[in-house]
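Taking it in order: structure first as structure tokens, then the write-up.
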Amino acid sequence: MKIEIVDLNFMGTEHVIASFLLLGDSSAALVETGPTTCLEHLMDGLDEHNVSPEDVREVFLTHIHLDHAGASGHLAELLPSATFYVHEVGYPHMVDPSKLLKSATRIYGERMEELWGEARPVPEDRLKVLEGGEEIEAADGVLAAHYTPGHAYHHLAYLEPDSDALFAGDVAGIRLPGQSYIRPPTPPPEIDLDAWVQSIELIRQIAPGSLLPTHFGCFDDVERHLGELEQRLQDWLLFVEERMDGEATREEIAEELKTKSDAEMLAEGAGPEETEHYDLAGDYPTLTDGLMRYVSKRRESA
Ligand SMILES: [Zn+2]
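Heads up: the sequence shown is residues 452 to 753, going by the numbering used here.
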């Protein structure tokens, strides 16, 4: 099987959202659909690799967030032979996206349409549920599903054993091509940092040769990458806890997190343009909301 990265050119910007095209001799598969607003780029990507819509037999979703799976309903119509694989907890939201859209609207408000476009339901008979631990034949090879909660409760990562590549969705963070800096995507409502650290440990045990985060690309320095992500998750948690104790507002915390993180990114060699591109995959107000909500929830249940 051959793996190709399709750049979905999200918001007219390259290297923010990827879909991964798996090419076999007789069939093809996709990991991630991207949002509906990027559908044209996805279909162009298939075309560029001489894949006809009928050739795509499997579509693997790491989780149901709109930047990863938003185009699924449309694709169910455009890819007549494709079965969609999703974690069992995400399944009902693929069949009926109304709750998912409500939750996303709380985060993105008026920008919903511009960012994501319309999310249509996926017919039940086109969906298959996974819980992690399965091996699924695809593109003349297999993908192994691994349950990797933390960014979302229902998150899966997929290992392709021949190339030893792990399609990591958001569990391995945001890292754009040519960069070493890893930004943890921590949006509301359901990040769980304890589960996330355990998922990082699981990935260490799987020991893939490369990580393919949806935001964006393919990276071989797996140990360093995971180490930096884990450290930053812990660092951000402590930082937000401390600032909440100091009664800082959400706006203040987001601004301080940005200042602190931009400085770290610059120190790792990124330029101002790169920090903006990272923002398209996860901006500080949203990431701060997720962290503050997580801290509050944890304190309430303690
Ligand atoms: Zn994402």
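Where is the CB? At the ideal position from N, CA and C, for every residue including glycine. Since we're looking at a predicted model, the values are computed, not measured.
Note on geometry: alpha-carbon atoms of V457 and T665 lie some 10 Å from one another. Residue list for ligand 1: H516, D518, H519, D621, P636, T665, H666 (CB closer than 6 Å to any heavy atom, chain order). Using a Cβ-Cβ distance cut-off of 8 Å, the stretch 641-660 and the stretch 708-722 are not in contact, since fewer than three pairs of beta carbons, one from each stretch, lie closer than that value. When rounded, the separation of the alpha-carbon atoms in D740 and D476 is 45 Å. Under the three-state reduction of DSSP, S554 is assigned to helix.
The alpha-carbon separation between H606 and W647 amounts to approximately 10 Å.
Following the DSSP letters along the chain, one finds I454 inside the beta strand (DSSP E) bounded by residues 453-458.
An exposed status is given to T556, since fewer than 16 other beta-carbon atoms sit within 10 Å of its beta-carbon.
Secondary structure in the stretch 504-567: the alpha helix (DSSP H) runs of 4 residues or longer, each lying completely within the stretch, are 517-520, 523-529, 542-546, 549-559, 563-567 in chain order. Between A522 and L493 the beta-carbon gap is near 7 Å, inside 8 Å, which marks them as a contact. For V691, the three-state secondary structure derived from DSSP is helix. Between H514 and A603, the gap from beta carbon to beta carbon is short of 7 Å. In this structure L512 does not touch Y542 by the C-beta definition: roughly 10 Å separates them, more than the 8 Å allowed. Residue environment: G496 is assigned as buried (16 or more neighbouring CB atoms within 10 Å of its CB, all protein chains considered). Checking the DSSP bridge columns, you'll see Y729 has no partner listed. The three-state reading of DSSP puts A718 in helix, counting H, G and I together.
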